[in-house]
Amino acid sequence: EAQVTQNPRYLITVTGKKLTVTCSQNMNHEYMSWYRQDPGLGLRQIYYSMNVEVTDKGDVPEGYKVSRKEKRNFPLILESPSPNQTSLYFCASNPSATGELFFGEGSRLTVL
Amino acid sequence: AQSVSQHNHHVILSEAASLELGCNYSYGGTVNLFWYVQYPGQHLQLLLKYFSGDPLVKGIKGFEAEFIKSKFSFNLRKPSVQWSDTAEYFCAVNARGYKLIFGSGTRLLVRP
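Following this line, the structure appears as structure tokens:
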């Protein structure tokens, strides 16, 4: 089954404790991206990747890092999480630059 | 900067009522347009998309949208809503290759 898989789905952590949210897709898509969803703000892009070792900042990259060492994986790293990073995070992939995204199930992160 | 506006943040309808959700974008060039739906507790799914051709686009579950270039609009419609259409709806625009810009979303509640 074609899918985008994120882990963990739910996480509660404390300020400053590094964490990684993993994302994996099995559709051989070249493009992957991370979004955060906040009430009233819709989805905002954090980072995206056009291919292995090619990443770029989205609209809200501060406080996040990403890497794309393999085509299928695109982890999101929060080196020192802060409460304002409490949000619902979605990973997405797409096969081309047409913008039709396939989303993961989401990861709800709470930073205390 | 490109932006997407969804004018209705919350919509409440009774079953069998007609639905129209507004979406306007700010970009003068060629665009790809999308509507995504997010059912409670789930990830975003593609409802329909417009790339070119017939400006009236039909999607899944009886939804359709009309692209009106002169008005920079891509409104979503459904003649008769069902309780199962209760969800949040996001309009999105791809105006610069890969980057997809989302509106802030419209929460639809359909009363049985």
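Residue numbers (the numbering used here), protein chains in the order written: chain A, 1 to 112; chain B, 1001 to 1112.
Yeah, the Cβ is synthetic: ideal placement off N, Cα and C, and Gly gets one too.
Handout entry: Under 7 angstroms between C-beta atoms of LEU1046 (chain B) and TYR1036 (chain B)
Key = As a first step, residue 1046 (chain B) must be located in the second sequence, where it is residue number 46. As a first step, residue 1036 (chain B) must be located in the second sequence, where it is residue number 36. Taking the C-beta atoms as reference points, TYR1036 (chain B) is found nearer than 7 angstroms to LEU1046 (chain B).
Handout entry: Alpha carbon of SER1026 (chain B) to alpha carbon of GLU105 (chain A), nearest angstrom
Key = Taking the first residue of the second sequence as 1, we reach residue 1026 (chain B) at position 26. Taking the first residue of the first sequence as 1, we reach residue 105 (chain A) at position 105. Each residue's Cα considered, the two are about 30 angstroms apart.
Practice task
Could you name the residues of chain A that GLY1062 (chain B) contacts, counting a contact when the two beta carbons are closer than 7 angstroms?
Solution key: Taking the first residue of the second sequence as 1, we reach residue 1062 (chain B) at position 62. Near GLY1062 (chain B) there are no residues of chain A at all, since even the closest Cβ is about 20 angstroms away, more than 7 angstroms.
Exercise for the section: State the DSSP-derived secondary structure class of ASP38 (chain A), mapped to helix, strand or coil. Expected result: Along the first sequence, one-based indexing puts residue 38 (chain A) at 38. When DSSP states are grouped into helix, strand and coil, ASP38 (chain A) belongs to the strand group.
Exercise for the section: Give a yes or no on whether 7 angstroms exceeds the smallest Cβ distance from GLU79 (chain A) to chain B. Expected result: Along the first sequence, read from residue 1 onward, the residue named residue 79 (chain A) stands at position 79. So, not an interface residue.
Handout entry: Euclidean distance between Cα positions of LEU1021 (chain B) and HIS1043 (chain B)
Key = Residue mapping note: residue 1021 (chain B) aligns to position 21 of the second sequence, counting from 1. Residue mapping note: residue 1043 (chain B) aligns to position 43 of the second sequence, counting from 1. Using only the alpha carbons, I get a separation of about 20 angstroms.
Handout entry: Cross-chain neighbours of PHE1051 (chain B) in chain A, by beta carbon under 8 angstroms
Key = Reading the second sequence from its first residue, position 51 is the one you call residue 1051 (chain B). For PHE1051 (chain B), the chain A residues whose C-beta falls within less than 8 angstroms of its own C-beta are THR98, listed in chain order.
Practice task
Check whether the Cβ atoms of GLY40 (chain A) and SER1003 (chain B) lie closer than 7 angstroms to each other.
Solution key: Here the question's residue 40 (chain A) lines up with position 40 in the first sequence. Here the question's residue 1003 (chain B) lines up with position 3 in the second sequence. Contact flag unset, no.
Exercise for the section: Spatial neighbours of SER1014 (chain B) within its chain, please: CB distance less than 6 angstroms, with the 5 preceding and 5 following residues excluded, ordered by chain position. Expected result: Position 14 of the second sequence, counted from the first residue, corresponds to residue 1014 (chain B). Hits under 6 angstroms: ARG1111.
Handout entry: GLY58 (chain A): CB within 6 angstroms of a non-hydrogen atom of the ligand FAD
Key = Only the bare structure without any ligand can be found here, which leaves the ligand FAD out of the picture.
Exercise for the section: Would you mind giving the Cβ-Cβ distance between ALA1065 (chain B) and PHE1074 (chain B), rounded to the nearest angstrom? I have them listed as a contact below 8 angstroms. Expected result: Against the second sequence, residue 1065 (chain B) aligns to sequence position 65. Against the second sequence, residue 1074 (chain B) aligns to sequence position 74. About 6 angstroms separates the two Cβ atoms, so the contact holds.
Problem - Limits of the unbroken beta strand (DSSP E) element including HIS1010 (chain B) - result: Here residue 1010 (chain B) is taken as the residue at index 10 of the second sequence, counted from 1. From DSSP, the beta strand (DSSP E) with HIS1010 (chain B) extends over 1010-1014.
Problem - Contacts around PRO95 (chain A), its chain only, beta-carbon distance under 6 angstroms, and the 5 residues preceding and following it disregarded - result: Taking the first residue of the first sequence as position 1, residue 95 (chain A) is located at position 95. Excluding positions up to five away in sequence, the list reads HIS29.
Practice task
Identify every run of the alpha helix (DSSP H) within the segment 1040-1082 of chain B, keeping only runs that are complete inside it and at least 4 residues long; order them along the chain.
Solution key: Taking only runs of at least 4 residues, no alpha helix (DSSP H) segment lies wholly in the segment 1040-1082 of chain B.
Problem - DSSP-derived helix/strand/coil call for SER1084 (chain B) - result: Your numbering for residue 1084 (chain B) matches position 84 in the second sequence. The three-state secondary structure of SER1084 (chain B), taken from DSSP, is helix.
Practice task
Please state whether DSSP places GLN1002 (chain B) in a helix, a strand or coil.
Solution key: The residue labelled residue 1002 (chain B) in the question sits at position 2 within the second sequence. The answer is coil: DSSP assigns GLN1002 (chain B) none of H, G, I, E or B.
Problem - Buried/exposed call for VAL14 (chain A), threshold 16 Cβ in 10 Å - result: As a first step, residue 14 (chain A) is located in the first sequence; it is residue number 14 there, counting from the start. VAL14 (chain A) comes out exposed.
Practice task
Since I believe ALA92 (chain A) is in contact with VAL21 (chain A) (beta carbons under 8 angstroms), could you give me their beta-carbon distance rounded to a whole number of angstroms?
Solution key: Numbered from 1 along the first sequence, position 21 holds the residue referred to as residue 21 (chain A). Numbered from 1 along the first sequence, position 92 holds the residue referred to as residue 92 (chain A). By a beta-carbon distance limit of 8 angstroms, VAL21 (chain A) does not contact ALA92 (chain A). Their separation comes to about 13 angstroms.
Exercise for the section: Flag GLY1022 (chain B) as yes if its beta-carbon sits less than 7 angstroms from any beta-carbon of chain A, otherwise no. Expected result: If you number the second sequence from 1, residue 1022 (chain B) lands on position 22. At a cut-off of 7 angstroms between beta-carbon atoms, GLY1022 (chain B) makes no contact with chain A.
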